[in-house]
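Below: the structure, in structure tokens.
Numbering (my numbering), first residue to last: 87 to 224.
Now the structure itself:
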């Protein structure tokens with residue numbers, strides 16, 4: 087996914103936000119505004135993280151390249167972080183507190199995956215990965 091597709095993805099994010107807004111029966115309140123804001127921010131940054139990861143993305147831990155640019159220059163796992171922001175936004179927007187229970191499953195799963203990914207990356211990239219890890223969060 088190249089950067090030329092980025093405007094298309096933002097357009098799709100806008101369409102998603104508009105559809106959520108159109109199909110929600112309750113009136114706008116602070117909760118919905120905050121929730122929708124989190125959904126939009128979470129989705130946009132989640133998508134940017136996927137694009138920046140590029141061909142290095144995989145469902146299983148693989149060390150194809152050490153990506154340290156963009157969001158990855160500040161956060162080692164921005165896909166996990168912004169995926170969680172998106173879920174929190176949906177829980178707020180739809181007023182579905184039970185969606186927050188997803189975190190009881192999601193957070194340990196993401197921590198486990200992050201540890202496995204870190205091990206694979208450290209095995210392949212050694213000192214470069216250890217230095218990167220010291221200057222980034224999660």
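Glycine is no exception: its CB is placed at the ideal position from the N, C-alpha and C atoms.
The structure presented is a predicted model; accordingly, all values stated were derived computationally and were not measured.
Contact belief for residue 117 with residue 202 at Cβ below 8 Å, rounded distance in angstroms: About 36 Å; that fails the 8 Å criterion.
Pair within 8 Å by beta-carbon distance, residue 210 and residue 149: yes
Stretch pair the stretch 128-136 + the stretch 165-182: three plus CB contacts closer than 8 Å: yes
Alpha carbon of residue 154 to alpha carbon of residue 115, nearest angstrom: 39 Å
Cβ shell of residue 102 (< 6 Å), same chain only, five flanking positions each side left out: none
Inter-residue spacing [alpha-carbon to alpha-carbon] between residue 197 and residue 147: So the two alpha carbons sit approximately 13 Å from each other.
Among 104, 212 and 224, the one whose alpha carbon lies nearest that of residue 200: It is 224 whose Cα lies nearest to the Cα of residue 200.
Proximity of residue 161 and residue 222 at Cβ, strictly below 8 Å: Yes, these two residues count as a Cβ contact at 8 Å.
Chain-order list of residues whose beta-carbon lies under 8 Å from that of residue 97 (same chain, five-residue window excluded): none
Under 8 Å between C-beta atoms of residue 131 and residue 157: yes
Of the residues 107, 194, 216 and 108, the one placed nearest residue 170, counting alpha carbons only: That would be 194, whose Cα lies nearest to the Cα of residue 170.
Rounded straight-line distance, which links the Cα of residue 192 to that of residue 175: 15 Å
Distance between residue 108 and residue 215 (C-alpha atoms, nearest Å): Computed Cα separation, rounded: 45 Å.
One or two residues paired with residue 161 in a DSSP bridge: 223
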